[in-house]
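S.K.: Per the numbering used here, numbering of the sequence shown is gapless, rising by one per residue and ending at 162.
C-beta: ideal position from N, C-alpha, C; glycine also.
Predicted model only: the values in this text are computed from it and were never measured.
Quick one: this structure, given as structure tokens, is what I'll be asking you about.
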Amino acid sequence: MRAILVCLTLAIALPFVSARPSVAGETILTLEGEFASGHQTHEFDLDALSALPGNNFTTTTIWTDGPQDFRGIPLRDLLEQFGIDSGTLVVTAINDYAVSIPVSEILNSEALLAYERNGKPMSVRDKGPLWVVYPYDSSEELRTEVIYTRSVWQVAKLTVDE
């Protein structure tokens, strides 16, 4: 009987574990690679990311219904903060899906590493805790298969390659 109760409790609780937003102190992003001063690894929790100068925009996406308000760190600003001005940024999701984006393109874009959607932190179930988003509605050039492929959700790691 006790085993049945434990199983039922887990069956009810497990869907909510992945639905919760990240908690303070929990690493949600690792940034690593070759920086001007050598190989480095930096880890960020949600508080550390949201303490950085952020930006927001409202746009529609092909994955959501209606306009969405995204808030996050401009990827350009994050790279500039660490002196990254060349190479490739490999964006890796929790499920190991990875996309390479030329740093030169990021530095000329308005792409956000979003941590909020419609004023709330994003759970894994809602494509969080981090999602690379572009202001898709601002230009036809941002509504292409290449840009959609680079719009990685559930981002866990950014790796700078030369």
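(1) With distances taken from CA atoms, which of Thr-58, Tyr-115, Glu-145 and Phe-82 is nearest Ser-37?
(2) Please work out which residues of its chain come closer than 7 Å, Cβ to Cβ, to Thr-144, disregarding the five sequence neighbours upstream and downstream, and give them in chain order.
(3) How many angstroms separate the CA atom of Ser-22 from the CA atom of Ile-28?
(4) Tell me whether Ala-51 sits in a helix, a strand or coil according to DSSP, three-state version.
(5) Counting only runs that start and end within the segment 118-162, where is the beta strand (DSSP E) found for 3 or more residues in a row?
(6) Restricting to Cα atoms, I'd like to know which of Leu-130, Trp-131, Ser-138 and Leu-89 is closest to Thr-60.
M.R.: Based on what the coordinates show:
(1) The residue among Thr-58, Tyr-115, Glu-145 and Phe-82 with its C-alpha nearest the C-alpha of Ser-37 is Phe-82.
(2) Setting aside the 5 residues that flank it on each side, Thr-144 has no residue in the same chain whose C-beta is closer than 7 Å to its C-beta.
(3) Any reading at Ser-22 must be qualified, since the residue scores a pLDDT of 47, below 50, and its modelled position is unreliable; no value is offered.
(4) When DSSP states are grouped into helix, strand and coil, Ala-51 belongs to the helix group.
(5) Restricting attention to beta strand (DSSP E) runs no shorter than 3 residues, the segment 118-162 encloses them at 131-133 and 155-161, ordered along the chain.
(6) In terms of CA proximity to Thr-60, Ser-138 leads the group Leu-130, Trp-131, Ser-138 and Leu-89.
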